[in-house]
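Visitor: Numbered by the working numbering, the letters in the sequence shown go through residues 5 to 914 in order.
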Amino acid sequence: MNSIMRLHVQHLNEAIENDSLVIFVGAGISMNSGLPSWNDLINEFKKEMNINKKESQHDNLKIAQYYFDIVGQQKYLQKVINTFKNHDNAEPNNIHKQIFRIRPRHIITTNYDELLEKAMKSEIDKYEVIKQDSDIPYSKSDHYLIKMHGDLIEKNIVLKEDDYLDYEKNFYMVATLIKSLIMNNTILFIGYSLGDSTFNSIFRMIQKGFYGNARKAYFFTPTPQNEAATEYYKNKGINIIAYEKDANLNMGFATSQFLEHLNSEMNVFPSSPKKLWNNIKFLNQSYFVEPDLVARYANFSSHASFFRDELQWNNKKESKFSISKTNKITNFLDNKTNFIQFLDYKSSNSKKFVQNPVLKNAYAVYNQYNYDLSQKMFREIANKSFTKKDYWNYLICEFNVHHIGTDGTDSLPEPVSGIRDLNKAINSLITGGDKATKKIAMYFRDNIQNFSFIYRKLSKIDGLLDKLRNERKIYKNNHGHSFNNDLITAKIEFSNLINFIEFNCLTVFQYTEFQETVVRYFECLLIAYDNYTYHNNSNTIFNSTSSIIKELTFTDIKNIIPYLQTENVDTLLRNYVLSKIRISDKAFNYIIDQINKLSIEIKNNYSFEVSGQLSKFIQFLSFIQIKKIYKLIPLIENYPLYQNNSRDIQHILLILANGAKSIRKADYQKLLIIINTHIDYIARNNLVNSHSQNFSLYSYLINEGLKFKKDFKLNQKYLGEKICLIATFKNTLKHVLIWKPMIIEFYFSFDDNLKKYIDQILHKYEKLPDSEFNVSFAVDVIKSGVYDFDDKKKYILKKEITVIQQKSIGVFPDPRQSAIANIYNLIQQKYFKLSDVKNSLDLDLIKGCFPEIDWTIFNIYSDKNIGLLVDKYNFKDAKKIFAKNKSQKSRFNQWLLNQANSDNIQIKVN
């Protein structure tokens, strides 16, 4: 390597270190994997058009254009695709490997093939692939792989003359992006010849766009160049790097050898513990580092193999050295990574990670959902850290300030760095900092700022989820065996993500990308749990599968519930036909503790965010198997009642009601007192309307409790005072309507004194003129059995019939439907006689409105009507309620037989 070439390599290495190198990859690189060259492709056109290769003096662009004009777009594209199709099995070569080893800031290729994408699959860090303008707005990375001449799959290739002439019109956003990259980065061309139309079109773009203002560009060629050509391109801003005249190397080998010189000193294999520590010591500023990142920055290459949480020497004796007595390295591995084995050192089994002590107080405030205060605290720490040149904490804090998501950034202290834009701050540290600072800033940018740590994890767990779904399918359909570590790997990957976030104090829990990762991991666990329920119910001896769990653990629950939406849980359980899931006792106790803790917190200081978290924990109770129902009773006692949280308390009441038979006597005594307190609180704080939907559940639990405490009565002092006032003053009589939900649900549980006042009010209300009498109120009271309003019976019937005879007016609930239901229910209660209704109403008006009416009044025992009843109740309950004689029971049985004969298996029998 001559002195000029060494100088060029030095400049390129500086660009690599500063992460400002862009590599243009030409067709010569793909040729090294056996793909056709550009000339090969053009020759296919010539062959079909009978143009002699040697005689033709046509420009390749014109040949492609001529062929297109003759055969049309479809045949032209098919010809190109078929030319490459014979090489579908081509694999990336060493040049591709070297490109990703160098890790340029961006890769731009004029190739249509997917060799670069294939090579990237084995890399830890990914580039965002840009194939067309529409890809750019959705790009989330700041490392691009741009296919500037299109892609075979997208069928948007640039090949013929018109494509080059119209390039900036057809690829406007891609061209604009490339121009900005050329302006701001150092360029290296590989795989091109100076005579290529492709290279010269890019060269013109450089010259036309910037007139020499772009950063330096370099063009590598194994072919010796004369001084005139070298000087010409140098004056135009492109430095030619060519091997000496006697090199006599083919393009592939020469390019590979040249790339191996790049970045070779900065990423040299660490041949001693000291050199290893030099490679990774900048990671020690973090408080948790994922093992795969440590392995990557250690740069062992082929000398050691990494898998999950182990890095072990390969069989190369000359490269081995011991680290077991190097305290700096072993302390780092024990305290900040999950490594079990690292070379010859076996790490401690009991890991006790420490949260970043500088940031933990601000992070705790963030986790308490006090976002404004935490944002302010992080900015203050950022300013102090920047002044102390503690750039790791400075970057984390500024990241958090920008990602907490409040609108209060304008009221924050100004950054002492003078830079509000975090990307600018990072670039400033990369370009102006010392070597250690550059490493920290680049690591932060490449792993945290661009959310790569989440996207990588999402991709990994997505891949594992696909494997688990396939395993489940094979297991259930074929009773097949499987032997893998996919579930264990998913657990480790997710645990590492949580550790990375929590110990480094990153404020990302509210982001969709993180929450999507949680949902996918939760689905992995559900698949394993579903495998367990299937295995548990299977009588087959030999069927087994690797991914099985019998319950979700405390760690799972702790890291999942706060970030799951209820609809996600419900949907996933339905997908896997799971009604409930089992969790460990420790996990269940954790949920109970969290609900109590958040309840107390929200009582002391209401917060929308805390209320949302409380709802998540309460709603999750509905999805789990609960053995100790009585543990939910204190939740009722501590739970705050507000205008908008009746649904949450309903979840707890439903669980208690469904498990009422298992509640102990002593617990019922406590529960009845709590219910009494709740009802009184609801009455005092005008929450009757918002919480009335739960009154039937309260009432049911009271009735269950009365089996153990027969003398229990609701003692409602506040309600008693209000009812007494209504009973005393005539002009307040209409206020009784406010208390209707409580009267109809709790009347029989009130003490005798309160019942007496209610009876007085209802008696007075019955005496009101018809114009002041509320029929809807009266019907609900009659149906509850509290009071009959016998004196208003004819008026009530008349008013309901009037409503039935009117047309529906398109409101919900439909008044006509409600009136029909009321009359039917009152007939069933024997309040109205059917004969009285017939005398006042044409019964055909109510035929077909409800299957219950058609069955009991019109004796319609058709399959259709039975089907409607079964859909509404279920087969067992419908038969019990409506089949009152032998003939009716026979009709139900015949209907069920008909369904079985017609292969209708979606019947709710139980």
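Here a beta-carbon is modelled for each residue, glycine too, at the ideal position from N, C-alpha and C. Since the structure is predicted, the reported quantities are computational estimates derived from the model, not experimental observations.
If you measure between the beta carbons of GLU517 and LEU576, is that distance less than 9 Å?
Guide: No, these two residues do not count as a Cβ contact at 9 Å.
Visitor: Give the single residue among PHE336, PHE733, PRO638 whose Cα lies nearest to the Cα of TYR769.
Guide: The candidate whose alpha carbon is nearest that of TYR769 is PHE733.
Visitor: Helix, strand or coil for ASN488, going by three-state DSSP, please let me know.
Guide: Residue state, collapsed to three classes: coil.
Visitor: Can you say whether THR202 is buried or exposed, counting buried as having 16 or more other CB atoms within 10 angstroms of its CB?
Guide: Per the 10 Å Cβ criterion, buried.
Visitor: Run through DSSP, which three-state label would LEU710 get?
Guide: Coil, per DSSP.
Visitor: My guess is that ASN588 and THR557 are in contact by the Cβ rule of under 8 Å, so how many angstroms apart are they, rounded?
Guide: Checking the sequence, you will find Ser at residue 588 rather than Asn. About 5 Å separates the two Cβ atoms, so the contact holds.
Visitor: Can you say whether ASP23 is buried or exposed, counting buried as having 16 or more other CB atoms within 10 angstroms of its CB?
Guide: With 16 or more other Cβ atoms within 10 Å, it is buried.
Visitor: So, under 8 Å CB-CB, TYR567 and PHE513 are touching, yes? Tell me the CB distance rounded to an integer number of Å.
Guide: Yes, TYR567 and PHE513 are in contact; Cβ-Cβ is about 6 Å, under 8 Å.
Visitor: Could you check how far apart the C-beta atoms of LEU660 and ILE622 are, in whole angstroms? I think they sit under 8 Å.
Guide: In fact, because the Cβ distance is near 12 Å, the residues do not count as touching under 8 Å.
Visitor: DSSP state of ILE545, grouped into three classes?
Guide: Model confidence at ILE545 stands at a pLDDT of 48, short of 50, so the residue's coordinates are unreliable; what they give is reported in the following sentence. Coil at ILE545, not helix or strand.
Visitor: Excluding five sequence neighbours on each side, which residues of the same chain lie with their C-beta closer than 8 Å to the C-beta of PHE311?
Guide: Same-chain partners within the cutoff: there are none.
Visitor: Taking Cβ positions, are GLN136 and ASN115 nearer each other than 9 Å?
Guide: Not in contact: GLN136 and ASN115 (Cβ atoms no closer than 9 Å).
Visitor: Cα-Cα, which of VAL178, ILE683, SER34, GLN898 is closest to ASP92?
Guide: Of the candidates VAL178, ILE683, SER34, GLN898, the one whose C-alpha sits nearest the C-alpha of ASP92 is SER34.
Visitor: Which of the three DSSP states, helix, strand or coil, is assigned to VAL522?
Guide: The answer is helix: DSSP assigns VAL522 an H, G or I state.
Visitor: Tell me, please, whether the segment 662–674 touches the segment 703–717 by the rule of three or more beta-carbon pairs shorter than 8 Å.
Guide: Yes, the segment 662–674 is in contact with the segment 703–717.
Visitor: For a minimum of 3 consecutive residues, which ranges assigned as the beta strand (DSSP E) are wholly contained in the segment 660–718?
Guide: Runs found: none.
Visitor: With respect to the alpha helix (DSSP H) encompassing ASN239, which residues constitute its N-terminal and C-terminal limits?
Guide: Where ASN239 is concerned, the enclosing alpha helix (DSSP H) stretches over 231–239.
Visitor: GLU52 lies in the beta strand (DSSP E); which residues open and close that run?
Guide: No beta strand (DSSP E) contains GLU52, which is instead part of the alpha helix (DSSP H) from 42–52.
Visitor: What are the boundary residues of the alpha helix (DSSP H) that ASN897 is part of?
Guide: Residues 890–905.
Visitor: Can the beta-carbon of SER486 be found closer than 9 Å to that of GLU497?
Guide: No. Outside cutoff.
Visitor: Judging by CA-CA distance, which residue of LYS285, ASN342, GLN697, ARG460 is the nearest neighbour of SER3?
Guide: For the chain, the structure presents residues 5 to 914; residue 3 sits outside this window and is missing.
Visitor: Apply the 10 Å Cβ neighbour rule to PHE546 and answer buried if 16 or more other Cβ atoms are within range, or exposed otherwise.
Guide: Residue confidence for PHE546 is low, a pLDDT of 47 falling below 50, so the modelled location carries little weight; the figure read from the coordinates is stated next. Result: exposed.
Visitor: Going by DSSP, which residues form a beta bridge with ASN243?
Guide: For ASN243, which the question treats as bridged, DSSP gives the partners TYR222.
Visitor: Quick one: what's SER309 bridged to in DSSP?
Guide: Looking at the DSSP assignment, SER309 forms a beta bridge with GLN316.
Visitor: Since TYR171 and TYR148 should fall inside the 8 Å C-beta cutoff, what is the C-beta to C-beta distance between them, to a whole number of angstroms?
Guide: With a Cβ gap of about 18 Å, TYR171 and TYR148 do not count as contacting.
Visitor: Please name the residue in CYS509, TYR370, LEU337, LYS562 whose C-alpha comes closest to that of LYS355.
Guide: Looking at the Cα atoms, LEU337 is the closest of the given residues.
Visitor: Taking the alpha-carbon of LEU830 as reference, which of ILE786, LYS842, LYS851, ILE552 has the nearest alpha-carbon?
Guide: Ranking the options by Cα distance to LEU830, first place goes to ILE786.
Visitor: Note down, in chain order, each residue of its chain lying with its Cβ closer than 7 Å to the Cβ of ASN342, except the 5 sequence neighbours on either side.
Guide: PRO295, ASP313, LYS355, ASN500, listed in sequence order.
Visitor: With DSSP as the reference, identify every bridge partner of LEU830, one or two as the case may be.
Guide: Looking at the DSSP assignment, LEU830 forms no beta bridge with any residue, so it has no partner.
Visitor: Whole angstroms are fine: how far does the CA of ALA19 sit from the CA of ASN189?
Guide: So the two alpha carbons sit approximately 8 Å from each other.
Visitor: For the beta strand (DSSP E) containing PHE193, list its first residue and its last residue.
Guide: Where PHE193 is concerned, the enclosing beta strand (DSSP E) stretches over 190–194.
Visitor: Alpha carbon to alpha carbon, how far is THR521 from LYS803? Give it in angstroms, no decimals.
Guide: About 58 Å.
Visitor: Measure how close the beta-carbons of PRO644 and ILE606 come, nearest whole angstrom, since I'm counting them as under 8 Å.
Guide: Yes, PRO644 and ILE606 are in contact; Cβ-Cβ is about 5 Å, under 8 Å.
Visitor: Near ASP795, what residues of its chain come up, given a Cβ to Cβ distance below 7 Å and the 5 sequence neighbours on each side ignored?
Guide: So the qualifying residues of the chain are GLU770.
Visitor: Are there 16 or more other CB atoms within 10 angstroms of the CB of ASP438, so buried, or fewer, so exposed?
Guide: Per the 10 Å Cβ criterion, exposed.
Visitor: Please classify GLY789 as buried or exposed, where buried requires at least 16 other C-beta atoms within 10 Å of its C-beta.
Guide: Its Cβ having fewer than 16 others within 10 Å, GLY789 is exposed.
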